[in-house]
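Enquirer: Right, I'll just put the structure down here and ask away after.
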Amino acid sequence: MPVDIDIAKVARLARLALTPEEMVRYGAQLGAILEHAAQVQALATEGVPPTAHPLPMLNALRPDEVEETLDREEVLAQAPDRQGPYFRVPPFMEEEA
Amino acid sequence: MSGDPADLTIAEAGVALRSGELTASALLAAVRRRVAATEAQLHAYLTIDAAGAERASAEADAAFAAGRDPGPLAGIPLAVKDNMVTRGVETTCGSRILAGYHPPYDATVVARLRQAGAVIVGKTNMDEFAMGSSTENSAYGPTRNPWDPERVPGGSSGGSAVAVAAGSALGALGSDTGGSIRQPAALCGVVGLKPTYGLVSRYGLVAFASSLDQIGPFARTVTDAVTLFEAIAGHDPSDATSYRGPVPDVRPTLGAGAEGLRVGVITELAGEGNDPAVLAAFHRTVEGLAAAGASVRELSLPSMAHALDAYYLIAPAECSANLARFDGVRYGLRLPGETVEQMMAASRRDGFGPEVTRRILLGTYALSAGYYEAFYGQAQKVRTLVIEDFATAFAKVDVLVTPTSPTTAFPIGERVEDPLAMYLADVGTIPCNLGGGPGISVPVGLDEAGLPIGFQLLSPALGEAMLLRAARAVEAMAAFTARPALATSEVG
């Protein structure tokens, strides 16, 4: 059975401004993919630990030394909008009344 | 020297460059002629770096003239998949959201190729953000297969596979998250190697699924793939996941042949579900290995049947997190919005194509509250079972073998509207990424329509020496010398 998804909620979480038609289409496709993928749930996995990473690795540490960094102007040159040395974006907080 | 220099292997070109028979500039010119003759039809490249390539080939010629030898890649024209950043050269990942992006640094693999004297011809086409198995998901149009331009080259590194098959580069780099090097190598009749997870730095590789992504080479021979592997492998302090131990030394045993090799055929991946021609070529190769002194046995790895489903939960989950960085703030496409959230949602809606959107939605769902354990958590446990099955099998054999892809190249457009059918193209290649060990595809024949068939070999993590020795034995046995009809610089 295709999995029923609250596609509007998922799209909002993913920051994707989908049209109503796109929501219907993606919702149906995802339902079918998840129906197939849900077969993993049929597998007995009691006592099996999850794997997040294929190689056993501990934290990678290095000496705390100043190294060369990217050139700020070169980085900012790729920004869609800037103000001086900053990235500029639309408001993200309501202004206090 | 007879023939077109664009058709030389890296090893052959290296000899010709050192004997003075060929200059790096003449070799680049031959490759550029091939690019000019084939690109209108094949579309392997997104960007050609004419100035950078000319500079690098002139430097190689100057080094040879001065009696210096920068190493086996000096003066060799190579192609790089467009998800590896190149300083000042446009890098799009096949996506509209990165159109016009000129990175401020070189990926470590790119820097290593440059240090080795390689000539980077350009950046190759790919499925958007490496998500796909056909190179049809590029925002800049599909790449076509040089064996039959009505068919896909495989993906997601389709442009790199095609460049090498067509003679538009002597070798190339791709990335492999679920088969994106091995599957297009199989469909284009070239060699494709996915090294052990962590052996090649991913600094400057635009991340798709961080626990699975690995960079590796395409080449026309196993020996050439080794040369490229040696140039790019090894620890990089800029990549915290990069392996700190020594790189396996593969050269000494490369020519040791099949004698005494213990080979396991994975039952679940070498039966029904594969095209008859693919299966026939597979069995012919396995029988050849046995005749050459390998011991062959069939092994059942039950978790393989569930690897595809686990992958299509894990990879989208990681992708949804990694692609959060494309938000219209620091680089790439930005649409107007009243608030920052509206700006981000509008930019992402317009910037991402359908497959990337699908996977972001799928991953966001699989990670969301209430579904995490049932989907992502369960997939991670299945991944453990895959790793345990591999460990059990590799206690008995040196290499495991399967067909690389269940089919040869399929027609353009056939699977675009059916994501599940597209995902099934990766059924044979995905387990290797979940396990973390290396895998390679070697061309072993053509089907009745004249399309190439790939043979996949897998070994345990850091088992590159055994893997490449076995691959070299398969290559010698298959003696695959066919080249696509379109691999010509004749304009006709």
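Chains as they are written, first to last, in the numbering used here: chain A, -6 to 90; chain U, 12 to 503. Yeah, the Cβ is synthetic: ideal placement off N, Cα and C, and Gly gets one too.
Tell me the start and end of each unbroken beta strand (DSSP E) in the region 420 to 485 of chain U that is at least 3 residues and wholly inside, in chain order.
Expert: You should have 450 to 457 and 463 to 469.
Enquirer: Within 8 Å of any Cβ in chain A, is that where the Cβ of G474(U) sits?
Expert: It does not; no Cβ of chain A falls within 8 Å.
Enquirer: Using only the alpha-carbon positions, how far apart do I(-2)(A) and H29(A) sit?
Expert: Spanning the two alpha carbons is a distance of roughly 14 Å.
Enquirer: Using the Cα positions of D80(U) and A150(U), report the straight-line distance between them to the nearest angstrom.
Expert: Near 40 Å, if we compare the C-alpha coordinates of A150(U) and D80(U).
Enquirer: For chain A, is any of its Cβ atoms less than 8 Å away from the one on V392(U)?
Expert: The question names Val, but residue 392(U) in the sequence shown is Lys. It does: the Cβ of K392(U) has a partner Cβ on chain A nearer than 8 Å.
Enquirer: Skipping 5 residues on each side, what residues in its chain have a beta carbon closer than 7 Å to that of R480(U)?
Expert: Hits under 7 Å: T264, L265 and A267.
Enquirer: Which same chain residues end up closer than 6 Å to R162(U) when comparing Cβ atoms and leaving out the 5 residues on each side of it in sequence?
Expert: Closer than 6 Å at the Cβ level, and outside the excluded window around R162(U), lie N156, A420 and P422.
Enquirer: Report the residue ranges of all beta strand (DSSP E) runs contained in full by the region 171 to 224 of chain U; include only those spanning at least 3 residues, in chain order.
Expert: Those beta strand (DSSP E) runs which fall completely within the region 171 to 224 of chain U and span 3+ residues are 182 to 186 and 202 to 205.
Enquirer: I'd like to know whether the C-beta atoms of A269(U) and A484(U) end up nearer to each other than 8 Å.
Expert: Contact flag set, yes.
Enquirer: At a Cβ threshold of 8 Å, is V68(A) touching chain U?
Expert: It does: the Cβ of V68(A) has a partner Cβ on chain U nearer than 8 Å.
Enquirer: Considering only their Cβ atoms, is the gap separating V3(A) from S379(U) smaller than 8 Å?
Expert: Yes. Within cutoff.
Enquirer: Check the Cβ-Cβ distances between T154(U) and every residue of chain A, and say whether any is below 8 Å.
Expert: Judged by the 8 Å Cβ criterion, T154(U) is not in contact with chain A.
Enquirer: What are the start and end residues of the beta strand (DSSP E) that includes K2(A)?
Expert: Counting along the chain, K2(A) falls outside any beta strand (DSSP E), though it belongs to the alpha helix (DSSP H) covering I0 to L6.
Enquirer: Looking only at its chain, what residues have a beta carbon closer than 7 Å to the beta carbon of T154(U), apart from the 5 residues adjacent to it on each side?
Expert: Result list for T154(U): L53, H54, A55, N136, T146, P164, G169, G170 and V173, in chain order.
Enquirer: What span of residues does the beta strand (DSSP E) with I277(U) cover, start to end?
Expert: Where I277(U) is concerned, the enclosing beta strand (DSSP E) stretches over R273 to I277.
Enquirer: List, in order along the chain, the chain U residues whose C-beta lies closer than 7 Å to that of L11(A)?
Expert: By Cβ distance, chain U contributes R360.
Enquirer: Counting only beta-carbon atoms, is L51(A) nearer than 8 Å to chain U?
Expert: By this cut-off, L51(A) is not an interface position.
Enquirer: Three or more C-beta pairs under 8 Å: does that hold for the region 67 to 83 of chain U against the region 311 to 328 of chain U?
Expert: No, because fewer than three Cβ pairs between the region 67 to 83 of chain U and the region 311 to 328 of chain U fall closer than 8 Å, the two stretches do not touch.
Enquirer: Under the DSSP definition of a beta bridge, which residues are partnered with D159(U)?
Expert: Its beta-bridge partners are N156(U).
Enquirer: What does Q126(U) reach in chain A if we use C-beta pairs closer than 7 Å?
Expert: Residues of chain A passing the Cβ test: none, with the nearest at roughly 17 Å.
Enquirer: Starting from L27(A), trace the alpha helix (DSSP H) both ways and give me its first and last residue.
Expert: Where L27(A) is concerned, the enclosing alpha helix (DSSP H) stretches over P13 to A30.
Enquirer: Name the residue from G448(U), G339(U), D18(U) and T296(U) whose alpha carbon lies nearest to the alpha carbon of L231(U).
Expert: Looking at the sequence shown, residue 231(U) is not Leu but Arg. That would be D18(U), whose Cα lies nearest to the Cα of R231(U).
Enquirer: Use the C-beta contact count for K407(U): other C-beta atoms within 10 angstroms, 16 or more gives buried, fewer gives exposed.
Expert: Exposed: under 16 other Cβ atoms inside 10 Å.
Enquirer: Put F229(U) into one of helix, strand or coil per three-state DSSP.
Expert: Looking at F229(U) - three-state DSSP - the assignment turns out to be strand.
Enquirer: With 16 as the cutoff for other CB atoms within 10 Å, does V17(A) come out buried or exposed?
Expert: By the neighbour-count rule (16 or more Cβ atoms within 10 Å), V17(A) is not buried but exposed.
Enquirer: Interface residues of chain U around Q22(A) at Cβ under 8 Å?
Expert: Per Cβ cutoff of 8 Å: R369 and P430.
Enquirer: Ignoring anything shorter than 3 residues, give me the beta strand (DSSP E) runs that lie fully in the region 52 to 101 of chain U, in order along the chain.
Expert: Fully enclosed beta strand (DSSP E) runs of 3 or longer: 56 to 59 and 88 to 92.
Enquirer: Quickly, what does DSSP pair I131(U) with across the bridge? List them, please.
Expert: In the DSSP output, where bridge partners are listed per residue, I131(U) has L89(U).
Enquirer: Measuring straight from C-alpha to C-alpha, what distance separates G348(U) and A10(A)?
Expert: If I take the Cα positions, the gap works out to 11 Å.
Enquirer: Identify every run of the alpha helix (DSSP H) within the region 287 to 311 of chain U, keeping only runs that are complete inside it and at least 4 residues long; order them along the chain.
Expert: Those alpha helix (DSSP H) runs which fall completely within the region 287 to 311 of chain U and span 4+ residues are 287 to 302.
Enquirer: What separation, rounded to the nearest whole angstrom, lies between the Cα atoms of S452(U) and T296(U)?
Expert: In a straight line, the C-alpha of S452(U) is about 13 Å away from that of T296(U).
Enquirer: Does the region 209 to 220 of chain U come close enough to the region 325 to 342 of chain U to have 3 or more Cβ pairs within less than 8 Å?
Expert: Contact between the region 209 to 220 of chain U and the region 325 to 342 of chain U is present, because at least three Cβ pairs lie under 8 Å.
Enquirer: Does the region 367 to 382 of chain U come within contact of the region 234 to 245 of chain U, defined as at least 3 CB pairs closer than 8 Å?
Expert: Cβ pair count under 8 Å is below three, so no.
Enquirer: Quick one, which of L411(U), L210(U), S314(U) and P248(U) has its alpha-carbon nearest Q32(A)'s?
Expert: That would be S314(U), whose Cα lies nearest to the Cα of Q32(A).
Enquirer: Pop quiz: I21(U) and L181(U) are said to be a contact at Cβ under 8 Å. What is the actual Cβ separation, rounded to whole angstroms?
Expert: Contact flag correct, Cβ pair sits at about 5 Å.
Enquirer: The region 387 to 412 of chain U: which residues have C-beta closer than 7 Å to a C-beta of chain A, in chain order?
Expert: Listed in sequence order: G388, Q389, A390, Q391, K392, V393, R394, T395, L396 and I398.
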